[in-house]
Amino acid sequence: MKHIIKRVLGFVALALVLTPAVARDITIDLAGEPSSLDPHMQWNPDSYYVYRNIFDNLVTRNNAGDIVPQIATEWEQLSDTELSLTIREGVTFHDGSPLTAEDVVYSVKRITNPDFGSPQLGQFNKIADANVVDGNKVVLVTASPYPALMAQLVKLSIVPMKVVETVGNEAFNAAPVGSGPYIFEEWNRGISVTLTANKDYWGEAGAFDSAIFRAVPDAATRVADLLAGTADLVVSIDADAGAQMAGNEAVKLLSAPTERVGYVGLNLDKPPFNDMQMRKAASLAIDRLGITEGLLQAGEVPLSQMASPAHFGYSEDIPLFDYDPEQARAITAANPDLAATPATLATAPVFDQRIVQAIQQMLNDAGFDISISMSDMPTYLGIVRSEPSENSELSFGRWSCACQDADGITYPTLHSDSNWSRVNVPEIDALLDEARETLDKDVRQAAYTKVHQLVRENFYTLPLYQAAVLYGATAELDFEPTANESMFLNRMSAAK
Amino acid sequence: MRRSRLFRFLLYRGGQALITAFGVVTLVFFIQRLSGDPTALLLPETATQADIEAMRVTLGLDRSLWLQYVDFLGDMLRFDLGRSFVQNISVWEIIASRIPQTLQLAAGALAVALLIGLPLGLVMALTRGRLISRIIMGIVLAFQSMPTFWSGIMMILVFAVWLRWLPSSGTGTLAHLIMPSIALGLLSLATYARITRAAVVDELAKDYIRSARARGVGTGRMVHKHLLRNSLIPIVSITALEISQLLAGAVIVETVFAWPGLGLLTVQSISSRDFLVVQGIVLLGAFVTIFASLAADILYTIVDPRVRLTGKA
Numbered sequence: 078m079k080h081i082i083k084r085v086l087g088f089v090a091l092a093l094v095l096t097p098a099v100a101r102d103i104t105i106d107l108a109g110e111p112s113s114l115d116p117h118m119q120w121n122p123d124s125y126y127v128y129r130n131i132f133d134n135l136v137t138r139n140n141a142g143d144i145v146p147q148i149a150t151e152w153e154q155l156s157d158t159e160l161s162l163t164i165r166e167g168v169t170f171h172d173g174s175p176l177t178a179e180d181v182v183y184s185v186k187r188i189t190n191p192d193f194g195s196p197q198l199g200q201f202n203k204i205a206d207a208n209v210v211d212g213n214k215v216v217l218v219t220a221s222p223y224p225a226l227m228a229q230l231v232k233l234s235i236v237p238m239k240v241v242e243t244v245g246n247e248a249f250n251a252a253p254v255g256s257g258p259y260i261f262e263e264w265n266r267g268i269s270v271t272l273t274a275n276k277d278y279w280g281e282a283g284a285f286d287s288a289i290f291r292a293v294p295d296a297a298t299r300v301a302d303l304l305a306g307t308a309d310l311v312v313s314i315d316a317d318a319g320a321q322m323a324g325n326e327a328v329k330l331l332s333a334p335t336e337r338v339g340y341v342g343l344n345l346d347k348p349p350f351n352d353m354q355m356r357k358a359a360s361l362a363i364d365r366l367g368i369t370e371g372l373l374q375a376g377e378v379p380l381s382q383m384a385s386p387a388h389f390g391y392s393e394d395i396p397l398f399d400y401d402p403e404q405a406r407a408i409t410a411a412n413p414d415l416a417a418t419p420a421t422l423a424t425a426p427v428f429d430q431r432i433v434q435a436i437q438q439m440l441n442d443a444g445f446d447i448s449i450s451m452s453d454m455p456t457y458l459g460i461v462r463s464e465p466s467e468n469s470e471l472s473f474g475r476w477s478c479a480c481q482d483a484d485g486i487t488y489p490t491l492h493s494d495s496n497w498s499r500v501n502v503p504e505i506d507a508l509l510d511e512a513r514e515t516l517d518k519d520v521r522q523a524a525y526t527k528v529h530q531l532v533r534e535n536f537y538t539l540p541l542y543q544a545a546v547l548y549g550a551t552a553e554l555d556f557e558p559t560a561n562e563s564m565f566l567n568r569m570s571a572a573k
Numbered sequence: 031m032r033r034s035r036l037f038r039f040l041l042y043r044g045g046q047a048l049i050t051a052f053g054v055v056t057l058v059f060f061i062q063r064l065s066g067d068p069t070a071l072l073l074p075e076t077a078t079q080a081d082i083e084a085m086r087v088t089l090g091l092d093r094s095l096w097l098q099y100v101d102f103l104g105d106m107l108r109f110d111l112g113r114s115f116v117q118n119i120s121v122w123e124i125i126a127s128r129i130p131q132t133l134q135l136a137a138g139a140l141a142v143a144l145l146i147g148l149p150l151g152l153v154m155a156l157t158r159g160r161l162i163s164r165i166i167m168g169i170v171l172a173f174q175s176m177p178t179f180w181s182g183i184m185m186i187l188v189f190a191v192w193l194r195w196l197p198s199s200g201t202g203t204l205a206h207l208i209m210p211s212i213a214l215g216l217l218s219l220a221t222y223a224r225i226t227r228a229a230v231v232d233e234l235a236k237d238y239i240r241s242a243r244a245r246g247v248g249t250g251r252m253v254h255k256h257l258l259r260n261s262l263i264p265i266v267s268i269t270a271l272e273i274s275q276l277l278a279g280a281v282i283v284e285t286v287f288a289w290p291g292l293g294l295l296t297v298q299s300i301s302s303r304d305f306l307v308v309q310g311i312v313l314l315g316a317f318v319t320i321f322a323s324l325a326a327d328i329l330y331t332i333v334d335p336r337v338r339l340t341g342k343a
């Protein structure tokens with residue numbers, strides 16, 4: 078009898094597991110539910126994983142990271158401050174209405190309108206004006222030359238003017254209408270968002286009839302869902318959770334280096350790190366390879382500059398920092414009083430504390446006196462953005478500009494105008510300004526290379542590693558993770 | 031005479047509840063503001079100081095703290111919890127959508143705790159001093175000591191990943207409710223088992239049981255007719271306390287099982303820095319507690335006239 082019950086239950090379970098595969102649906106476990114489905118509002122992974130499938134963007138990046146056409150089929154720089162984009166014809170929104178150049182201009186003006194209050198405003202506010210020209214062209218005007226413009230336009234979704242104007246922002250967020258490969262079906266608040274395939278999509282259609290994005294906050298549960306066969310793809314897992322999947326042939330681990338850069342910021346106005354030798358000793362004491370391969374283990378790569386290979390402006394010519402704890406100790410031993418000046422390392426709960434603790438220990442082993450100062454995120458932000466005199470001696474940070482351009486990371490962390498920067502070096506300021514004000518790629522690359530060299534030689538800040546992102550997927554799922562952490566359903570497929 | 035005393039008592043307790051509510055509202059407002067400027071968190075890291083200032087104006091955070099406080103009190107009087115900065119819909123709408131799930135889970139957990147805890151307590155009392163009683167007590171203590179984040183994930187591993195009998199997470203069917211209810215119910219189960227045991231042991235020592243035994247009444251009939259009924263009083267009063275325990279414990283269980291109740295909403299709102307939603311949940315919890323204790327006090331005076339209506343009951 079027991080045997081029969083077990084068999085019946087086994088069949089029921091098997092049937093439950095197999096059903097989704099037959100219907101060619103995909104279930105994706107995210108850490109949280111989207112904050113908004115209006116692509117002009119919140120900009121966080123759990124939101125854009127979903128709404129990037131509902132909307133088309135002006136341009137996009139292919140899996141290799143190159144900027145390629147999407148709604149704009151071609152573009153031309155008319156002058157240093159004017160960019161002309163040709164709008165694709167024959168694209169329709171999910172309500173059947175055509176996508177026009179007016180919708181593009183409306184989308185630009187909506188997200189750049191300060192009254193609209195988009196958290197993404199800072200990414201687009203260099204755009205001063207947008208106009209329709211010749212019916213199907215849009216000219217974007219920037220106040221000054223803005224080399225990162227195309228990189229920012231990768232994130233600009235096109236919304237239907239008529240729908241938004243008719244229903245209002247709140248109703249649009251609750252039931253978004255886009256032109257993308259998937260159509261919004263249902264938002265079960267707190268639980269899941271369901272999308273269905275857009276059969277009339279102008280581009281490459283998705284392989285799945287429908288997609289369910291679920292909010293599963295616990296990483297161990299997300300992995301369990303994958304192992305139990307109730308999820309096809311899970312995000313935001315760490316190497317420990319990934320280790321649970323080892324040896325199971327039904328699932329696989331996917332990873333990609335991102336454009337997030339982990340670094341230690343130094344206060345150059347306070348002892349001990351106002352002294353170049355002390356900064357050098359600190360750098361020599363930190364085992365970057367130990368952090369990436371021993372602690373993180375998800376495919377992170379040690380870095381020698383405040384940029385990653387995923388950024389424009391990364392330089393191949395900057396050698397990695399040496400790890401030599403003996404030499405570090407020799408330097409601190411030469412000036413023990415200065416090295417032993419009590420210093421704090423500011424951090425917040427959002428960061429991986431294993432790294433912070435490892436850095437503290439490595440520095441203290443080298444003769445420094447470092448204590449960790451952990452505070453909530455607002456307090457941490459207050460500390461790291463304050464004047465040097467009030468700032469901590471050290472801070473751990475992880476920077477992402479989501480633009481894959483060195484401007485988005487070097488300017489905020491190294492330019493004296495930025496409230497994040499504790500570096501105040503006129504030569505670096507001039508180079509960063511130069512790279513920001515020209516569209517000439519060679520001039521920009523040369524300026525960034527020089528900045529990286531200056532930072533590397535003077536240890537103005539200590540780049541650590543390029544962060545990686547880890548996904549768990551069923552063995553059948555074909556999905557290539559990218560540096561910009563996108564998750565386009567129409568670039569995935571599942572072997573039958 | 032008694033009527034006017036009852037009225038005075040109600041007025042006094044009602045006033046007390048109002049003062050408590052005012053205190054909670056004030057405390058919540060200022061503690062939230064102490065934790066720093068939420069604008070910095072709502073904007074990307076790349077935001078400039080000008081972007082931050084613009085956002086502060088949009089959200090009304092540029093006004094003086096006192097002005098914000100007065101506005102906040104006005105909103106509270108209108109039961110307006112505000113709009114979520116992150117989701118851009120009313121906080122009340124977000125919270126209300128999660129209440130049914132929270133109640134379902136609390137009911138499921140309570141059912142597990144009562145249906146297993148009571149019989150276990152009874153068996154422990156009836157077999158006290160014997161090995162079986164000690165074994166059950168050991169198991170009950172183990173249930174109480176297991177952290178829910180561990181017991182939850184273990185259950186998922188066994189029943190969802192290995193046996194595939196139950197769904198690993200989420201909501202929708204009765205099957206989804208089983209594991210979260212057990213994980214959450216195990217905590218209260220231990221309390222019920224121990225309280226029941228103590229209550230039944232107390233009753234067993236009383237004269238009426240002895241005389242029933244002397245009359246030759248069988249154990250089954252004695253338990254059913256006499257013991258359970260009289261032991262129920264402390265069990266009923268502990269239930270009120272347990273419900274608030276269940277709601278607190280639900281934060282972890284809901285997170286592990288992706289159960290979309292208020293506990294999970296709290297965690298999600300904290301991590302997405304949606305501070306008005308966090309504030310709404312805290313206020314809701316505080317008001318429910320204040321109201322429940324007021325209602326209990328009033329009911330008590332009605333049910334048991336011996337309670338003195340001095341207002342200090």
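In order, the protein sequence lines correspond to chains G and R.
Those letters in the first sequence? Residues 78 to 573, per this note's numbering, in order.
Those letters in the second sequence? Residues 31 to 343, per this note's numbering, in order.
Positions of the beta carbon are idealized from the N, C-alpha and C atoms, including for glycine.
Being a predicted model, the structure only gives us computed values, none of them experimental.
Neighbouring residues, chain G, relative to residue i (Cβ below 8 angstroms)
i: I183 (chain R); result: D295, A297, T298 and A301
i: S127 (chain R); result: R266 and G267
i: V297 (chain R); result: P294
Nearest-angstrom Cβ-Cβ length linking residue i and residue j, presumed shorter than 8 angstroms
i: T319 (chain R); j: S261 (chain R); result: So it is not a contact: roughly 27 angstroms between Cβ atoms.
i: T271 (chain G); j: I289 (chain G); result: 5 angstroms
i: V191 (chain R); j: S199 (chain R); result: With a Cβ gap of about 11 angstroms, V191 (chain R) and S199 (chain R) do not count as contacting.
i: R187 (chain G); j: V236 (chain G); result: 7 angstroms
i: A155 (chain R); j: V231 (chain R); result: 5 angstroms
Residue i: contacting residues in chain R (beta-carbon distance under 8 angstroms)
i: V535 (chain G); result: Here the sequence assigns Asn to residue 535 (chain G), which means Val is not the residue at that position. Simply none; closest approach about 24 angstroms.
i: M118 (chain G); result: N118
i: E247 (chain G); result: N118 and I119
Chain-order list of residues whose beta-carbon lies under 7 angstroms from that of residue i (same chain, five-residue window excluded)
i: A47 (chain R); result: I320 and L324
i: R63 (chain R); result: L95
i: L331 (chain G); result: Y548, A550, F556 and P558
Interface partners of residue i on chain R, CB under 9 angstroms
i: T307 (chain G); result: A190, P197, S198, S199 and G200
Beta-carbon contacts of residue i that lie in its chain and below 6 angstroms, excluding the five residues immediately before and after
i: G485 (chain G); result: C478
i: A220 (chain R); result: V170, F173 and Q174
i: W122 (chain R); result: L111
i: G390 (chain G); result: A384, A483 and Y525
i: A326 (chain R); result: none
Beta-carbon neighbours of residue i, restricted to chain G and to distances below 9 angstroms
i: S301 (chain R); result: A108, G109, P294 and V427
i: D110 (chain R); result: In chain order: nothing, as chain G lies at least about 16 angstroms away.
i: D67 (chain R); result: P455, L458 and G459
Beta-carbon contacts of residue i that lie in its chain and below 8 angstroms, excluding the five residues immediately before and after
i: M176 (chain R); result: L216
i: I328 (chain R); result: L40 and R43
i: I164 (chain G); result: I148, A149, T150, L176, T177, A178, V181, N213, K214 and V215
Partner residues on chain R for residue i, Cβ-Cβ distance less than 7 angstroms
i: N112 (chain G); result: For the sequence presented, residue 112 (chain G) should be read as Ser rather than Asn. By Cβ distance, chain R contributes V116, Q117 and S302.
i: L304 (chain G); result: V191
i: S194 (chain G); result: Just to set this straight, residue 194 (chain G) is Gly in the shown sequence, not Ser. Ordered by position in chain R, the residues that pass the 7 angstroms Cβ test against G194 (chain G) are M85 and T88.
i: P191 (chain G); result: A84
Neighbouring residues, chain G, relative to residue i (Cβ below 7 angstroms)
i: R93 (chain R); result: Going along chain G, no residue has its Cβ under 7 angstroms from R93 (chain R), so there is no contact; the nearest lies around 16 angstroms.
Problem - Three or more C-beta pairs below 8 angstroms linking the segment 277-296 of chain R and the segment 90-108 of chain R - result: no
Practice task
Count the C-beta pairs between the segment 50-69 of chain R and the segment 455-469 of chain G that are closer than 8 angstroms, then say yes if the count reaches three, no if not.
Solution key: yes
Problem - Contiguous alpha helix (DSSP H) assignments of at least 4 residues, all confined to the segment 401-485 of chain G - result: 402-411, 413-416, 430-442 and 454-461
Exercise for the section: Answer yes if the segment 127-147 of chain G comes into contact with the segment 253-266 of chain G, meaning at least three C-beta pairs across the two stretches below 8 angstroms, and no otherwise. Expected result: yes
Handout entry: Sufficient close CB pairs (3 or more, under 8 angstroms) joining the segment 457-474 of chain G to the segment 422-431 of chain G
Key = yes
Exercise for the section: Just list the alpha helix (DSSP H) runs in the segment 481-553 of chain G, keeping only unbroken ones of 4 residues or longer that don't cross its boundaries, in chain order. Expected result: 484-491, 503-514 and 518-535
Exercise for the section: Evaluate contact between the segment 298-308 of chain G and the segment 321-333 of chain G, counting only Cβ atoms and requiring at least three cross-stretch pairs below 8 angstroms. Expected result: yes
Practice task
Could you tell me which uninterrupted alpha helix (DSSP H) segments, each at least 4 residues in length, are contained entirely in the segment 168-209 of chain G, listed from first to last along the chain?
Solution key: 178-189 and 198-201
Practice task
Go through the segment 295-326 of chain G residue by residue and report every complete run of the alpha helix (DSSP H) that reaches 4 residues or more, in order.
Solution key: 296-304 and 316-320
Handout entry: Segments assigned alpha helix (DSSP H), at least 4 residues, entirely inside the segment 242-277 of chain R
Key = 249-252
Practice task
Check whether the segment 239-250 of chain G touches the segment 110-122 of chain G, taking contact to mean three or more Cβ pairs, one atom from each stretch, closer than 8 angstroms.
Solution key: yes
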